[in-house]
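Asker: Letter by letter, the sequence shown follows residues -29 to -1, 1 to 358 of mature numbering (1 follows the signal peptide of the UniProt record, and there is no 0).
We treat Cβ as the ideally placed atom computed from N, Cα and C, and that holds for glycine.
The structure is given below, and queries will be raised subsequently.
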Amino acid sequence: MRRSTRSLLVATAAAALVLPLCGVTAANADTPSFSNADKSALRNQAPVDLAIGTAAWGEQMLTDYDPAAPTEFQDVLSRQFSSVTPENDMKWDAVHPAPDVYDFASADAVVAFAKANHQKVRGHTLLWHSQNPAWVTEASGTWTCDQAKDVLEDHIRTVVGHFKGEIYEWDVANEIFKDTWDAGGVSLRTDRNPFLKACADDPVGLLADAFTWAHEADPDAVLFLNDYNAEGINEKTDAYYDLAQQLLDRGAPLGGFGAQAHLSLLYGFDASLQANLERFAALGLKVAITEADVRIPLLDGETEPTAEQVATQTERYQALLQACLNVTACSSFTVWGFSDAHSWVPDVFPGEGWATISDEDYTPKPAFDALLTSLKDATPGVSPRRG
Ligand code: G3I
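Here it is as structure tokens:
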């Protein structure tokens, strides 16, 4: 089943020989035109109202981008995806390293790459308990709620304002609820999120303000809540469903709900995913799969999964995409990296890996083929999608 990377690239190059290669022609090497002729590309099989995305790093992979001579990573990234999420480049520690210092260099590299390749950008993330710089973590224990709001408002207006018009969806609030297995059970992270902590007396008020500031800074961006273990209907997504209604009742410009979909074969697949997406859509929200990967517990010393594990991984990816295709409010489907060469999983989950849709050498896995097939089949009359 394994096709060489070359075969994928040659196949697309052969298809593109009839048309400008990946859009790069001598006449316009600086700003490649875009050809959607390559039908072995996910982006070119997707319905027009569904962005197909991946996470990518500006700091590491996109800073030195030459459209006339892309790296293999950059070539696959531009060919396959219509959306890019900066994996770390727009987080607090990257863009706001000191109270009066903003640094957009690596994030700008992601946006520049996306622009050059006719891709959209998902902003990630404006309010989270992780990857905050030391000055935030250390100061947050002393802030009053008003002081915390001043800091957060400056950050949101500056960051969203910097990228105004260039971000189609923002993960405004990320992972703000604890899980059933956390101390205190499902509740807002007023323990770990520095801003929710300072405003523990009215966290919903803080969240409503955060969405309002983001909307005022960029009225065209759709503003999301985003979390893991938020795929099916469960205690956590019930809490999000209630919060979404509270925010909407307050007139907060909440626009979407994102399920990250970081899955593992150690656990089952929650088949209530589509119903969960549908209930948030029924509130008038967009929904999205924002960070899909399916990690596999590898047997001791093994680097390759069994055929059965590969088949199950393929089924899981396909089920995630199909649920999104079946809910017309699902505006984007994003994988959290497209190659095992650049996956967060092995660093965080020892003994698990093989989580993405292609190998370290960008060889497509059966999961990639399954996604491509699902997108091809999402034609009018088969799914409620516009062609
Ligand atoms: O940038 C420093 C580098 O200077 C230093 O030498 C190196 C030493 O370890 O660390 C680098 O920082 C790493 C950072 O990614 C890169 O910016 C951190 O160690 C590492 O922990 C961090 O991991 C990221 C993780 O979020 C942090 O929680 C992963 O790449 C990223 O994929 C992951 O993404 C999150 C989403 O944002 C939210 N949903 C869950 C998802 C997975 O955790």
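State the start and end residues of the unbroken alpha helix (DSSP H) segment that holds Phe166.
Answerer: 165 to 169
Asker: What would DSSP say about Thr261, mapped onto helix, strand or coil?
Answerer: strand
Asker: Would Thr81 and Gly29 be called neighbours here (beta carbons separated by less than 8 Å)?
Answerer: According to the sequence displayed, residue 81 carries Val and not Thr. Yes, the Cβ-Cβ distance between Val81 and Gly29 is below 8 Å.
Asker: List the endpoints of the continuous beta strand (DSSP E) containing Lys91.
Answerer: 91 to 98
Asker: Determine the burial state of Leu270: buried for a count of at least 16 other Cβ atoms within 10 Å of its Cβ, exposed for fewer.
Answerer: exposed
Asker: Leaving out five residues on either side along the sequence, give the residues of the same chain with a beta carbon under 7 Å from the beta carbon of Thr183.
Answerer: Ala223, Pro224
Asker: Excluding the five sequence neighbours on either side, which residues of its own chain have a C-beta within less than 6 Å of the C-beta of Trp307, listed in chain order?
Answerer: Ala26, Glu262, Asp264
Asker: If we count the other Cβ atoms within 10 Å of its Cβ and call it buried at 16 or more, is Gly227 buried or exposed?
Answerer: Buried, since its Cβ has 16 or more Cβ neighbours within 10 Å.
Asker: Going by alpha carbons, who is nearest to Glu249 out of Gln289, His233, Ile204, Ser158?
Answerer: Ranking Gln289, His233, Ile204, Ser158 by Cα distance to Glu249 puts Ile204 first.
Asker: Straight-line CA distance for Asp162 to Lys10?
Answerer: 48 Å
Asker: Compare the C-alpha of Leu97 against each of His186, Ala290, Glu323 and name the closest.
Answerer: Closest option to Leu97, Cα to Cα, is His186.
Asker: What number of angstroms, rounded off, separates the C-alpha of Gln216 from the C-alpha of Gln280?
Answerer: 39 Å
Asker: Can Ser101 be considered in contact with the ligand G3I, in the sense that its beta carbon sits closer than 7 Å to one or more heavy atoms?
Answerer: yes
Asker: Tell me which residue opens and which closes the beta strand (DSSP E) that Asp198 is part of.
Answerer: 193 to 198
Asker: Here's the rule: buried if 16 or more other CB atoms are within 10 angstroms of the residue's CB, otherwise exposed. What is Thr274?
Answerer: exposed
Asker: Is Trp307 near the ligand G3I, going by C-beta to nearest heavy atom under 7 Å?
Answerer: yes
Asker: Does the distance between the C-beta of Trp106 and the nearest non-hydrogen atom of the ligand G3I fall short of 7 Å?
Answerer: The answer is no for Trp106.
Asker: Looking at Gln90: is its Cβ nearer than 8 Å to the Cβ of Ser53?
Answerer: yes
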